[in-house]
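Here's the structure, in structure tokens; my notes come after.
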Amino acid sequence: MKQLNLRHYEFLKNPQKIESTNAFLIYGPENFYKDKILSKIENHFTDETSRDFDHITFYGDECSGTEIVEQLESLPFLAETKVVVIKNYDKMIAQKADLIATYLQNQMQTSILIIVAEKIDKRKSAGKLISQHCLNIECKQPYNSSELVRWLRDEQRARKFTMENSAVNLFANSIETNYFVANNELEKLLIYTKNARNITVEDVENVIGKTKTNTVFELQNSLGQKNLKKALTIIENMFSSTDDKIGIFVISMLTRFFLTIWKVNALQLHNLSNSEITSRHLNEVFYKFRGDYIDYASHFSRTEVKQIFSLLLKADAELKSLPLTEKIILEPLIINICRISKNG
274 MKQLNLRHYE
284 FLKNPQKIES
294 TNAFLIYGPE
304 NFYKDKILSK
314 IENHFTDETS
324 RDFDHITFYG
334 DECSGTEIVE
344 QLESLPFLAE
354 TKVVVIKNYD
364 KMIAQKADLI
374 ATYLQNQMQT
384 SILIIVAEKI
394 DKRKSAGKLI
404 SQHCLNIECK
414 QPYNSSELVR
424 WLRDEQRARK
434 FTMENSAVNL
444 FANSIETNYF
454 VANNELEKLL
464 IYTKNARNIT
474 VEDVENVIGK
484 TKTNTVFELQ
494 NSLGQKNLKK
504 ALTIIENMFS
514 STDDKIGIFV
524 ISMLTRFFLT
534 IWKVNALQLH
544 NLSNSEITSR
554 HLNEVFYKFR
564 GDYIDYASHF
574 SRTEVKQIFS
584 LLLKADAELK
594 SLPLTEKIIL
604 EPLIINICRI
614 SKNG
């Protein structure tokens, strides 16, 4: 079998490659694209009706190799194919990895195997065989702003909007060279422009350039630490840096932020370790910041987070219905969030 290697962007531009194989190896340090490609392959072979029956995920550091092979060799229940995902493959012991490699030499045509790993050691027998029998999709981190420009062009085609060349260059050179960060900044930009068909350099300046040092992410960080003084300074700077309305955007991002804190609290309630939470259950958060959410969650009980959701809902309603300035609504919101007591 001829080994096929693709970079993440090559695979996404050639979706027909999904039909070329029953086994995929998604590897590399770039979690943003690993998650995106995994979802694309999963969605191609399963739907909501069959997913509960014909889709199963294993973790390499805690599963039995025999159990994985048994699932791969069993027939699907509803769908035409069964999807078996192995995450953290690189943490598998050699004996388990050998079982997977042996299976790949005589695959079931009704099973789809997706292996996700940080790295693959192709010098070892199992790694070599797995690479030979899978479609290899390498996910590398961006090394300069040109990579972000290419990503942004792909997003424009997928989301059906346009950006001036000057806006594209400003965007790519004003943010950290990181796909997770770029995606978050693009979400901010689309919310700010209300999903406009064309985004201008002025839009990028207003959302990213002028507020770069006082972003909503810094506001989230200060609220996560219940640092009222810093939070008020940031929100004041956000208001002073633009004449445009930012209230709904801030509420949206804070709601997402506290939903993640709620999620951490819920997982801790089920006795999951902090390392397990950060490595497996916070895919929506850039990996460098996942540990921060453990700290944030330590400052808020579940009761507090419920109260904060009520505050956010109230502020959202006021922004949409009352003839008050955004500052009058958001500053008391920030104060109330920071002053919530665990005794409630």
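In this note's numbering, each residue carries its 1-based index in the sequence shown increased by 273.
Even glycine gets a Cβ: it sits at the ideal position worked out from N, Cα and C.
From a predicted model like this one, the values you see are computed outputs, not experimental measurements.
Have a look at residue i and residue j and give me their C-alpha separation to the nearest angstrom.
| i | j | result |
| --- | --- | --- |
| V474 | D327 | 47 Å |
| H572 | K499 | 7 Å |
| F582 | E343 | 44 Å |
| I602 | D427 | 38 Å |
| N547 | N438 | 43 Å |
| R432 | E458 | 15 Å |
| N538 | L277 | 43 Å |
| T354 | N456 | 32 Å |
| I508 | E449 | 22 Å |
| Q405 | H543 | 40 Å |
| V609 | D565 | Going by the sequence as given, residue 609 is Asn instead of Val. So the two alpha carbons sit approximately 22 Å from each other. |
| P302 | V489 | 26 Å |
| L285 | W424 | 11 Å |
| Q429 | N468 | 12 Å |
| D568 | N409 | 37 Å |
| D394 | S552 | 21 Å |
Are residue i and residue j touching if we call contact CB-CB under 7 Å?
| i | j | result |
| --- | --- | --- |
| K307 | C412 | yes |
| G333 | N361 | yes |
| A504 | I607 | yes |
| Y376 | L348 | no |
| I314 | V357 | no |
| V578 | I534 | yes |
| K461 | V441 | no |
So for residue i, helix, strand or coil by DSSP?
| i | result |
| --- | --- |
| V357 | strand |
| F297 | strand |
| G416 | Note on residue identity: the sequence assigns Tyr, not Gly, to residue 416. Three-state DSSP puts Y416 in coil, outside helix and strand. |
| L386 | strand |
| N243 | Given that the chain is displayed from residue 274 to residue 617, the structure contains no residue 243 and the question cannot be resolved. |
| F522 | helix |
| M511 | helix |
| R280 | strand |
| T339 | helix |
| H317 | helix |
| N379 | coil |
| E437 | coil |
| H219 | Within the shown structure, residues of the chain are numbered from 274 to 617, placing residue 219 beyond reach of any answer. |
| N644 | In the structure as shown, the chain begins at 274 and stops at 617. Residue 644 is therefore absent and cannot be evaluated. |
| L555 | coil |
Please report the Cβ distance between residue i and residue j, rounded to the nearest whole angstrom; I am assuming they are in contact, meaning their Cβ atoms lie under 8 Å.
| i | j | result |
| --- | --- | --- |
| L386 | N295 | 7 Å |
| C611 | L496 | 7 Å |
| P415 | Y465 | Actually they do not touch by this definition, with Cβ atoms about 23 Å apart. |
| F512 | K600 | 6 Å |
| K392 | Y300 | 6 Å |
| L298 | I388 | 5 Å |
| F331 | I359 | 5 Å |
| L527 | L585 | 6 Å |
| L597 | I524 | Incorrect: roughly 14 Å between the Cβ atoms, too far for contact. |
Regarding residue i and the ligand MG, is the C-beta to nearest heavy atom distance less than 6 Å?
| i | result |
| --- | --- |
| W424 | This structure lacks the ligand MG, and indeed carries no ligand of any kind. |
Could you check whether the region 456-474 touches the region 319-326, counting it as contact only if at least three pairs of C-beta atoms, one from each stretch, sit closer than 8 Å? no
Mind the definition here: the region 355-372 touches the region 391-409 only if three or more C-beta pairs lie below 8 Å; say whether that holds. yes
So does the region 308-321 actually touch the region 415-424, counting three or more Cβ pairs closer than 8 Å? no
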